[in-house]
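Asker: To convert, take the position in the sequence shown, counting from 1, and add 46; that gives the working numbering.
Note that the Cβ used here is the ideal one computed from N, Cα and C, for glycine as well.
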Amino acid sequence: MASLKDIRKRIDSVQKTQKTTSAMNMVSAAKLKRAENNIKSAIPYSEKLKEVVSSLRSRLTDEENPLFQEMGGEKTAVILITSDRGLCGGFNTNLCKKLLEEFSEIPVEHLTMTMIGRKGFDYFKRRSYEIRGNFQETRPEDQMNVVREVISQCIQRYENGELDKVYLAYNHYRSVINQKPVIEQLLPIPKTETENSDEREVTFEPSPEAILDRLLDKFLENRIYVSWLDSSAGEHAARMTSMDSATKNA
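(1) May I have the straight-line CA-CA distance separating glutamate 147 from threonine 160, to the nearest angstrom?
(2) Measuring only the C-alpha atoms, how far is isoleucine 162 from phenylalanine 181?
(3) According to DSSP, is arginine 299 helix, strand or coil?
(4) Between phenylalanine 137 and the rest of its own chain, which residues show a CB-CB distance below 7 Å, the 5 nearest in sequence each way excluded?
(5) Drop a sphere of 10 angstroms on the beta-carbon of leucine 275, count the other beta-carbons inside from all chains shown, and report buried for 16 or more, exposed for fewer.
(6) Confirm, please, whether the CB-CB distance from serine 277 to isoleucine 125 is below 7 Å.
(7) Check methionine 161 in the structure and name its three-state DSSP category.
(8) Could you tell me which of Glu82, Val193, Gly132, Pro254 sits nearest to serine 100, measuring between CA atoms?
(9) What is the residue span of the beta strand (DSSP E) that lysine 226 lies within?
(10) What first and last residue would you give for the alpha helix (DSSP H) that runs through glutamate 148?
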């Protein structure tokens with residue numbers, strides 16, 4: 047039977063744990079609020095950019111831009127966005143497992159990865175996949191530089207014939223208790239991404255082809271950036287939920 051001293055130590059330990067997890071819960075809640083505001087700020091530009099690209103593409107055929115053309119092979123690159131830190135339940139593990147399942151039929155030598163976030167790198171570094179990029183502990187002010195570097199490399203490899211497809215994997219933030227692992231095709235740009243045609247009579251200067259050449263990089267950069275913001279919100283929500291559960295179960 048435990049002595050009174052042991053019981054008091056146990057109570058003290060539980061109280062300290064509760065204080066720690068409660069504080070982490072509050073920090074995550076504050077970060078989640080900022081992350082939600084970041085997403086709201088980014089959405090108008092993202093939607094307008096998609097609308098412009100859609101309008102331009104409706105005036106062109108797939109053959110007029112290589113980023114629309116299906117390559118037909120299985121050489122694949124994946125941009126994986128995970129968190130740098132843990133204590134967020136199955137947030138990262140569920141996404142990594144979905145990724146393995148999704149691409150299980152692609153030979154290892156035909157699949158390369160670019161990691162944004164430490165946890166994705168930790169998960170895959172002992173497996174046989176080639177990791178072409180690894181970005182960790184990125185400051186908010188450096189995020190766009192990372193995004194530009196990542197998409198520039200992917201486009202170059204795609205246009206050179208080194209890749210047939212490029213995918214983006216991240217966690218979509220639905221609510222505080224719901225984050226959904228998502229895998230989306232980036233290249234070739236799916237028709238569903240720009241399917242809304244625009245029948246208005248518009249004169250483009252320079253040509254639609256020239257404008258689209260310059261806009262597609264921005265369009266793809268924005269896709270990754272907004273998904274990164276989305277993932278960040280999901281991370282803080284998952285950690286907040288985990289810390290709340292830990293506080294109650296301490």
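Answerer: In short:
(1) 18 Å
(2) 5 Å
(3) The requested residue 299 is not part of the displayed model; the chain covers only 47 to 296.
(4) Ser129, Asn217, Gln225, Gly280, Glu281, Ala284
(5) buried
(6) no
(7) strand
(8) Pro254
(9) 224-233
(10) 137-148
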